[in-house]
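In the numbering used here, the protein residues as written are 15 to 455. Think of the CB as a built atom: it goes at the ideal place given N, C-alpha and C, for glycine as much as any other residue.
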Amino acid sequence: MYSTVTTKFSVPQPAAELIARPQVLRLYSQSLRRQLTLVTAPAGYGKTTSTAEWVCSLTSQAGAPPVEPRPEIKTAWYALDAEDDDFGVFFTRFVRALETAMPGALPMMATGLAIQGVTPPQYANSLAEACLNLPCEAVLVLDDYHVITKPEIHAVLAHLIQHASSRLHLVVTARHDPPLPISRLRARQQLVEVRADDLRLTDTEAAAFLQLRLLHAPSPELLSILQVRTEGWVAGLQLAAASLNQERQDEFLAHFRHSDSTYVMDFLIDEVLEHTPADIRIFLLKTALVERFTVNLAAVMTQLDTVECGQLLARVHHANLFVVPSGGDPTWYRYHHQFRSMLLNRARLMLVPEEIAAIQRAAARWLVRHGWIDEAITGYVAEGEWDRAAELIETERHTLQNGQRWYLLWRRLARLPDNVVAQRPGLLLARAWILQVDGRY
């Protein structure tokens with residue numbers, strides 16, 4: 015089980031309590047007639063949520079604006095993180111995402127180590143030709159593309175946009191404009207743009223959003239000041255709702271009126287944590303120390319039994335505290351990326367370093383015991399536990415070599431500093447095997 019790969023290709027399922035936003039879906043509906051759809055906005059504006067809602071509407075058409083009749087359209091999803099900022103990793107998983115939606119659609123495409131044997135222009139031509147031969151039209155979402163910095167990746171995607179868009183419709187979500195041919199596509203009316211202004215909730219939508227999440231109906235004054243201060247920012251409104259459910263509306267307004275708008279997010283997160291029961295607050299801080307968790311893993315990290323952890327998780331979910339299912343497995347959960355980032359900052363202030371380290375070591379041991387090797391390595395690397403990471407990679411290397419999973423082994427080795435690898439003959443030998451297999455004598 016390699017969770018860093020297998021959980022990246024599932025379309026996030028929209029929450030049942032989503033408000034209807036037909037004007038946003040109408041923007042997306044143009045995507046099948048344009049070469050690129052670009053969704054850019056700061057964190058917390060609902061880029062992933064709105065894109066996933068549209069992708070799901072392509073198959074269900076439930077509540078979606080009507081689109082012109084078309085042949086079957088397959089949808090694929092690729093959720094990006096920092097590890098994907100590598101030419102070989104990116105396009106290995108790019109092809110994997112399409113193959114998940116259309117098994118056997120790209121049988122001749124080079125993946126894994128073989129990608130290293132061609133130049134980016136050669137690979138761009140091969141991939142474009144393969145995409146033109148897809149059995150049907152496909153939509154591929156590249157979510158959080160702002161983590162990609164390699165020019166060769168941008169160049170290949172630009173080539174695909176130009177030469178393969180008749181079969182492959184790319185949707186890119188990012189926090190800022192990526193270095194793709196945006197100006198040219200805009201001039202040729204081949205670009206769909208969904209920006210922060212499009213994703214920002216209107217007054218009516220903000221009212222509907224809050225009414226779904228508040229225990230008591232919001233007053234007109236509360237609605238007005240929240241909309242002015244958050245400017246329709248979905249994450250800000252959700253944090254405000256979580257805080258309002260813990261205190262009286264007049265008390266919240268008294269504090270919120272005097273908060274500096276520059277620090278609205280900090281104010282809201284502090285409000286949420288301050289008015290959250292102590293057991294929930296500790297649960298949030300500790301479970302945020304890993305990228306994702308199950309109830310059993312949370313029990314290890316919090317030193318509670320699984321029943322109590324399940325109850326706490328249900329309370330977190332009921333309070334709309336940014337916890338969502340992770341990937342396609344309903345037993346795994348994660349926090350919204352921005353919310354987790356803030357929780358991590360608070361954890362470093364509210365928990366002692368020794369406690370944080372102990373929790374992360376316990377989590378890594380549990381992950382190893384249950385076969386989630388790459389997530390355990392990520393935990394060790396994050397804490398600079400190089401010897402533990404190296405021991406784990408060395409223990410698993412024979413399994414990967416026997417299964418000819420050379421590229422995964424190479425990626426694991428690349429996460430270690432050279433001086434750590436140099437001290438371990440087993441890891442040096444693994445690197446030598448990989449180089450020989452790849453013809454780099």
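Could you have a look at residue i and say whether DSSP puts it in helix, strand or coil?
i: leucine 358; result: helix
i: leucine 303; result: coil
i: alanine 333; result: coil
i: proline 232; result: coil
i: tyrosine 394; result: helix
i: aspartate 99; result: coil
i: tryptophan 68; result: helix
i: glutamate 467; result: Nothing can be reported for residue 467, as the shown portion of the chain is limited to 15 through 455.
i: arginine 348; result: strand
i: glutamate 166; result: helix
i: threonine 316; result: helix
i: isoleucine 387; result: helix
i: tryptophan 91; result: strand
i: serine 257; result: helix
i: valine 435; result: helix
i: glutamate 245; result: coil
i: aspartate 158; result: coil
i: valine 338; result: strand
i: glutamine 44; result: coil
i: aspartate 343; result: strand
i: aspartate 401; result: helix
i: alanine 446; result: helix
i: alanine 78; result: Confidence in alanine 78 is poor, its pLDDT being 44 and thus under 50, which makes the residue's placement too unreliable to answer from.
i: tyrosine 421; result: helix
Report all residues from its chain with a CB closer than 8 Å to the CB of residue i; omit the five preceding and five following residues, and keep chain order.
i: arginine 47; result: none
i: isoleucine 391; result: Ala403, Leu406, Ile407, Arg426 and Arg429
i: proline 165; result: Pro193
i: histidine 168; result: Ile162, Pro192, Pro193 and Leu194
Can you tell me which residues form a DSSP beta bridge with residue i?
i: lysine 61; result: Answer by DSSP bridge pairing: none, since lysine 61 is not bridged.
i: glutamate 265; result: Glutamate 265 is not bridged to any residue.
i: valine 53; result: Thr187 and Val208
i: valine 153; result: Thr89 and His183
Between residue i and chain D, is any beta-carbon pair separated by less than 8 Å?
i: asparagine 259; result: The chain labelled as chain D is not found in the depicted structure, where only one protein chain is given.
By the 10 Å Cβ neighbour count, where 16 or more other Cβ atoms means buried, how is residue i classified, buried or exposed?
i: methionine 123; result: buried
i: serine 17; result: Annotation note: pLDDT 40 at serine 17 (below 50); position unreliable, coordinate value reported separately. Result: buried.
i: valine 132; result: exposed
i: glycine 453; result: exposed
i: valine 321; result: exposed
i: glutamine 136; result: exposed
i: valine 366; result: exposed
i: tyrosine 516; result: Limits of the chain in this structure are 15 at one end and 455 at the other, which puts residue 516 out of reach.
i: alanine 34; result: exposed
i: glutamine 203; result: exposed
i: leucine 199; result: buried
i: glutamate 305; result: buried
i: arginine 383; result: exposed
i: glutamine 49; result: buried
To which residues of the same chain is residue i closer than 6 Å at the C-beta, ignoring the five residues directly before and after it?
i: asparagine 139; result: none
i: isoleucine 87; result: Leu72 and Glu151
i: alanine 188; result: Thr54, Tyr159 and His160
i: valine 208; result: Leu41 and Val53
i: alanine 312; result: Thr301 and Cys323
i: alanine 436; result: none
Please go through the same chain and pick out, in chain order, the residues whose beta-carbon is closer than 7 Å to the beta-carbon of residue i, but skip the five residues on each side of it.
i: arginine 107; result: Val19, Lys22, Tyr92 and Asp98
i: tyrosine 349; result: Ala302, Phe336, Val337 and Leu357
i: methionine 15; result: Residue placement at methionine 15 cannot be trusted, given a pLDDT of 34 that sits under 50; what the coordinates show is reported in the next sentence. Here the set comprises Gly385 and Trp386.
i: glutamate 82; result: Caution applies to glutamate 82, whose pLDDT of 47 falls short of 50 and renders its modelled position unreliable; the value that the coordinates give is listed next. Closer than 7 Å at Cβ, skipping near neighbours: no residue.
i: tryptophan 68; result: Leu39 and Tyr42
Distance, Cα to Cα, residue i vs residue j?
i: leucine 414; j: alanine 90; result: 27 Å
i: arginine 329; j: aspartate 293; result: 10 Å
i: alanine 142; j: valine 286; result: 48 Å
i: leucine 423; j: leucine 146; result: 32 Å
i: proline 149; j: alanine 119; result: 7 Å
i: leucine 381; j: isoleucine 387; result: 7 Å
i: glutamate 245; j: proline 344; result: 33 Å
i: leucine 327; j: leucine 213; result: 29 Å
i: proline 79; j: leucine 443; result: Low confidence applies here, because proline 79 scores a pLDDT of 47, under 50, leaving its location unreliable and the question unanswered by this model.
i: leucine 194; j: leucine 237; result: 39 Å
i: threonine 409; j: arginine 438; result: 12 Å
i: aspartate 11; j: serine 233; result: No answer is possible for residue 11: the residues shown for the chain start at 15 and end at 455.
i: threonine 51; j: leucine 156; result: 10 Å
i: valine 314; j: alanine 376; result: 7 Å
i: arginine 110; j: proline 117; result: 9 Å
i: valine 248; j: aspartate 432; result: 44 Å
i: alanine 222; j: valine 38; result: 16 Å
i: glutamine 450; j: leucine 251; result: 55 Å
i: glycine 417; j: proline 36; result: 48 Å
i: arginine 190; j: aspartate 319; result: In the sequence as displayed, the identity of residue 190 is histidine instead of arginine. Roughly 43 Å separates the two Cα atoms.
i: valine 206; j: arginine 243; result: 29 Å
May I ask whether a heavy atom of the ligand MG can be found less than 7 Å away from the beta carbon of residue i?
i: phenylalanine 104; result: Within the structure as shown, the ligand MG is missing, as the structure has no ligands at all.
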